[in-house]
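*Asks:*
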Amino acid sequence: MPPVKIIHTRDYDLFCQGQLADPYPVLRELRNTEPVHWCEPWGCWIVTSYDDVQQGHLHSRLSSDKARITMNALPGELRIRVDGLGKHLALWVSHTDPPGHKRLRESVQQPFMAIMSRADSYCGDRSRLDRCCCAEGPAGCHLWLCFSSDGNGDL
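In structure tokens:
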């Protein structure tokens, strides 16, 4: 287990359980005290700084291939039973590394920009944390858009 400073607060525990209505104060505290934090309940690192996340995306030793990592962690019999799900998740843009990521991103960029354009008319001011809206995309697909309070991508 990595050396970490464990935060023992009620809000942190609720955050780890996915039950905290407003996670941003916990994320801000982590960004100020432990910008790269090992979350034992999740079994993963939480990176709270936009710049650190960007650097991580560019680092060749880190991977976005969540499907492969998750599937490899499963017991053999279960891995076989959910193989189709693993193959499906491996096609998600957010779960792929370059060069596949670039190819997938480029294939969805134009439709996504059309949805964002429509969302502007629904949402108005995108600079407020509590500003979320739903935009209808192709074939009735709905996309929820939520924006950070400071507009720079940090939580």
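Residue numbers (the numbering used here): -3 to 151. Heads up, the beta-carbon is just placed ideally off N, CA and C, and yes, glycines get one too.
(1) Going by beta carbon distance, what residues of the same chain come within less than 8 Å of V104, once the five residues before and after it are set aside?
(2) Any idea what DSSP makes of H84, helix, strand or coil?
(3) Cutting at 8 Å between CB atoms, please list the residues of its own chain near S60, excluding the five before and the five after it.
(4) Provide the residue(s) that pair with V43 in DSSP beta bridges, ordered along the chain.
(5) Taking Cβ positions only, does R99 come closer than 7 Å to chain B?
(6) What's the C-alpha gap between A86 and R6?
(7) Please state the DSSP three-state secondary structure of G52.
(8) Measure the C-alpha to C-alpha separation of P95 and A110 and round it to an integer number of angstroms.
(9) Determine the DSSP secondary structure at G95, reduced to helix, strand or coil.
(10) One question on the structure: do W38 and V32 come within less than 7 Å of each other, judged by their Cβ atoms?
(11) Do T44 and L23 have their C-beta atoms closer together than 7 Å?
(12) For H55 and E30, I'd like the C-alpha separation in whole angstroms.
(13) If I measure Cβ to Cβ from L58 and keep anything under 6 Å in the same chain, skipping five residues before and after, which residues do I get?
(14) Just the Cα atoms here: how many angstroms apart are C12 and P19?
*Replies:* This is what the structure holds:
(1) Within its own chain, the residues whose Cβ lies closer than 8 Å to the Cβ of V104, once the five positions on either side in sequence are excluded, are V89, listed in chain order.
(2) Three-state DSSP puts H84 in a helix.
(3) Counting only Cβ-Cβ distances below 8 Å, and skipping sequence neighbours, we find H53, S90, H91, T92, D93 and H97.
(4) V32, per the DSSP bridge assignment.
(5) You won't find chain B in this structure, because it holds only one protein chain.
(6) Rounded to the nearest angstrom, the two C-alpha atoms are 35 Å apart.
(7) Residue state for G52 is assigned as helix, using DSSP reduced to three classes.
(8) One Cα belongs to P95, the other to A110, and the distance between them is close to 24 Å.
(9) The question names Gly, but residue 95 is Pro in the sequence shown. In the three-state scheme derived from DSSP, where H, G and I count as helix and E and B as strand, P95 is classed as coil.
(10) The beta carbons of W38 and V32 sit no closer together than 7 Å.
(11) Contact check for T44 against L23 passes: the beta carbons are separated by less than 7 Å.
(12) A straight line joining the alpha-carbon of H55 with that of E30 spans about 20 Å.
(13) Hits under 6 Å: G52.
(14) Cα atoms of C12 and P19: separation of roughly 10 Å, rounded to the nearest angstrom.
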